[in-house]
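So for the sequence shown, full-length UniProt numbering puts the first residue at 1; every next one is plus one.
We put the beta carbon where it would ideally sit given N, CA and C, even for glycine.
Structure first, commentary second.
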Amino acid sequence: MAIEKKTIRLLIVEESQNEAERLVSLFRNAGCATRAQCVTEPDELATALQQSWDLLIAAPNCEELSPHEALKTIKRQAKDIPVIQLVDPEEPDAITQALLNGAQDAVPLGEDERLVLVSRREIGNLEVRRAYRTAELALHEAEKRCQLLLQSSEDAIAYVHDGMHVHANPIYLQLFGYTDVEELEGMPVIDLVASDDQQAFRDFLKQYSNDPEANGTARFLCQGLRADGSTFTADMSFSPATYEDEPCIQVVIRDGNQNDAELEEKLREATSVDPVTGLLNRTRLVEALEAEMEKVVQHGQTASFAYLQLDRYAAILAEIGISDIDALLAALANQLKEHFAPPALLARFSDDAFAVLVQGSTAEQLESRLKPLLRQAVSQPIEINKRALQPSYSIGLTALDEQTVNAHEIMDRAHRCALAIAKQGGNAIKRYDPAEELAAAASRGSLIAIVQQALEQSRFRLLFQPLISLRGDSREHYEVLLRLNNTQNEEVPPAEFFRVAEESGLSAKIDRWVIHNAIKVLVDHRARGHDTCLFIHLSAASLQDARLLLWLQAALQAARLPSESLIFQISEANALAHLNQTKIMANGLKKLGHRVTLGQFGCALAPFNILKQVPIDFLKVDGSFVRDLGNPENQETLKNLISGIQEHKKLCIVPFVENATILATLWQSGVNYIQGYYLQEPSQAMNYEFVADE
């Protein structure tokens, strides 16, 4: 196959070096030249993604870097890298979940031959996508070159559709005495033929237009009619063509009255430098951006683009006038030159905006270089004609990615970010975030739109499922669960809308909605004499929300609820994927008086290691440990996990208790709390009858 003729660049997410080397050997033994790198942490993956890769294989359990987190990182950086996730063959839903998370395929552990075949297929698909993007760039470049050739041609050239002009080059305009192509667009070409020759020209054009492809190239000699009424001998050549994806006829005219020297005279090319600032002009910037995008697409290079919109431009112009605005723009351009030495490209994008294109830079790195510029705007006023001015910028920036081959889309991204900052008062930076774009572009009836509508119109539903103490805790405990119906009033599977919420950046808002509404229900319930505590889930987005703790403290104070009445649950996967943020959040919650639960516990390679870094009160074992407890081996696995929890002096919760047969086993094992449909299914009311001896 074609992919075997080139070296495959393989990225592996796997903690075991031996297993990673075995995977590489698997490909080499299959005849594939392979270069590989193994990563185990998010920072390592982010750094590796600055290079070009053909395939990523993710092991099912990498403590610091889960397959889902790896997929999110790839998506965040807009990299086109196929991902194959290795899954546990004992987990029937693992393949489906991997595909829902965005993996191209999922292969059970141990199926090596299938892994190689799937990898070949996905690398082949990647080559097709790369070839398509390269061809698209080549087509765009060819069209651009054709346009340049058209504009600088020695011949007078026009494009005609249904007898009307659709475009003409400068020599054509000059030949007929016109100054602007808009004067000709929509004008019948026969109007540029002298009246004595119009009937013959009409007959010729009608016959030629019936089938230009069959007629090929044809000539017609007539008297051309200039705008001033004068005529000249026009030697007209007709051929089939395409202009802006539409079939048309190309007309090339030579003036029989002029000599060759006059035909060779060209219009002066526009300068590529802005005369006021000495920076590149917009046209030259677009050309440079397109060239840089070609490097990103074809060679996997890194580059970033920033749009700097001058704040309060209209007010400044009104204050200092037109004569001094140029001096200000020149001074700002000099500031930019001090901050960005070559090969960074600087341009004046418009009257009130500059642009920066930096090769070999991520968006994060470019943001770091731009921040001092904002501080300088405040600390170092610019003096123009004895006026001290403090101009600032609204800055939008984005990375160039290999999935976007349109330069205008890159510029639009940065521009939209800058506009968002300007609406907030300016003098700040906003980085392009695909999740925000996805949320903003949600179409009517899509799941994203349903989630957004549920947030805006408070259409989510809270359900409560009791947790029953096996060790005499007299307090009532419920887990808060979230449900959502679509426009047909059908319940949306929680996994689906949580996935969409995460991808569209709405998870943190949903968490706050749940907390706010759970507090209201809990206040009313406790007012009726119940000593009730609620377990509330926190998403990965909330772990990274630095303002959540202050908001939570204010919400509890307003509701006059004791802190211990709310227990916050973090999934093991999210805690490991965002370990630093989890430590900060858990410590902050503890300081406020809350208890913390680590949910879906026990799936990591070394699950108890996280307890050394994060303060945890409850450990809620993953539901996979509770399935098929009729198997003695599974019972032993669960008992060992519970024993480990007890050794670490944590309270143990076992969910998914669906029948009475396992109750004795759980009680004898020392489990603190149980939960499941056998006790009570989730309900809109907290109405379980807790008894004192439970």
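Would the beta-carbon of F464 fall within 8 Å of that of M686? yes
In or out: R133 buried (at least 16 other Cβ within 10 Å) or exposed? buried
Taking contact to mean 3 or more Cβ pairs, one atom from each stretch, closer than 8 Å, check whether the region 560-580 and the region 43-50 are in contact. no
DSSP state of C417 mapped onto helix, strand, coil: helix
Can you say whether E537 is buried or exposed, counting buried as having 16 or more other CB atoms within 10 angstroms of its CB? Rather than Glu, the amino acid found at residue 537 in this sequence is His. Result: buried.
Going by the beta-carbon positions, is the gap between I674 and K620 smaller than 8 Å? The beta carbons of I674 and K620 sit no closer together than 8 Å.
Once DSSP output is grouped into helix, strand and coil, what is the label at D196? Per DSSP, reduced to three states, the secondary structure at D196 is helical.
Terminal residues of the continuous beta strand (DSSP E) containing K620? 618-621
Is the CB-CB distance between H68 and N101 below 8 Å? yes
Sequence ranges, alpha helix (DSSP H) only - wholly within the UniProt domain "Response regulatory" (9-124), length at least 4: 17-29, 42-48, 67-76, 94-101
Can you tell me whether N640 is buried or exposed? The criterion is at least 16 other CB atoms within 10 Å of its CB, across all chains shown. exposed
Residue burial classification, I322 (beta-carbon count within 10 angstroms, cutoff 16): Exposed: under 16 other Cβ atoms inside 10 Å.
When G396, Q403, L400 are compared against A420, the one with the closest alpha-carbon: G396
Would you report the Cα separation of E409 and Y432, rounded to the nearest angstrom? 12 Å
Hey, L225 and L192 are a contact pair by Cβ (cut 8 Å); roughly how many whole angstroms apart? Approximately 5 Å separates the beta-carbon atoms of L225 and L192; this is inside 8 Å, confirming the contact.
Leaving out five residues before and five after D105 in sequence, what residues of the same chain have Cβ atoms less than 6 Å from its Cβ? I84, V118
DSSP three-state assignment for residue 742, whether helix, strand or coil: Any question about residue 742 goes unanswered here, given that the chain covers just 1 to 694.
Can you tell me whether residue 713 is buried or exposed, with buried defined as 16 or more other CB within 10 angstroms of its CB? Absent from the model: residue 713. The displayed extent of the chain is 1 to 694, so no value can be given.
In or out: A261 buried (at least 16 other Cβ within 10 Å) or exposed? Note that A261 has pLDDT 43, beneath the 50 cutoff, so the model's placement of it is unreliable and the number below is only indicative. Per the 10 Å Cβ criterion, exposed.
Between the C-alpha atoms of R114 and V614, what's the straight-line distance to the nearest angstrom? The alpha-carbon atoms of R114 and V614 are separated by roughly 40 Å.
Cβ-based burial, I567 [other Cβ within 10 Å; buried from 16]: Label assigned to I567: buried.
For my contact list, S643 and G599 are in at a C-beta cut-off of 8 Å; report their separation, rounded to the angstrom. The pair is not a contact, with the Cβ atoms about 19 Å apart (cut-off 8 Å).
N169: buried (16+ other C-beta within 10 angstroms of its C-beta) or exposed? buried
What is the DSSP secondary structure of V492, reduced to helix, strand or coil? Assigned with DSSP and collapsed to three states, V492 falls in coil, not helix or strand.
So residue 695 and I249 are in contact, right, with Cβ under 8 Å, and what is the actual spacing, rounded? With the chain covering 1 to 694 only, the question about residue 695 has no answer from this structure.
When burial is assigned at 16 or more other CB atoms within 10 Å of the CB, is H165 buried or exposed? buried
For G676 versus F656, is the C-beta spacing smaller than 8 Å? yes
Check whether L357 and L345 have beta carbons under 8 Å apart: Cβ distance < 8 Å, so L357 and L345 count as in contact.
Take R595 and list the residues in its own chain whose beta-carbon comes closer than 6 Å to its own, dropping the five residues that flank it on each side. Contacts found: I567, D617.
For R120, count the other beta carbons within 10 Å of its own beta carbon; 16 or more makes it buried, fewer makes it exposed. Which is it? buried
Quick check: what's the CA-CA separation for A234 versus E244? CA-CA distance, A234 to E244, rounds to 26 Å.
Have a look at the DSSP bridge pairing and note the partners of T242. P247
Is the beta carbon of L23 less than 8 Å from the beta carbon of L45? no
Rounded separation between M293 and A407 - CA only: 7 Å
Looking at E402 and V286, is the spacing between their C-beta atoms short of 8 Å? no
Does the distance from the CB of I450 to the CB of N486 come in under 8 Å? yes
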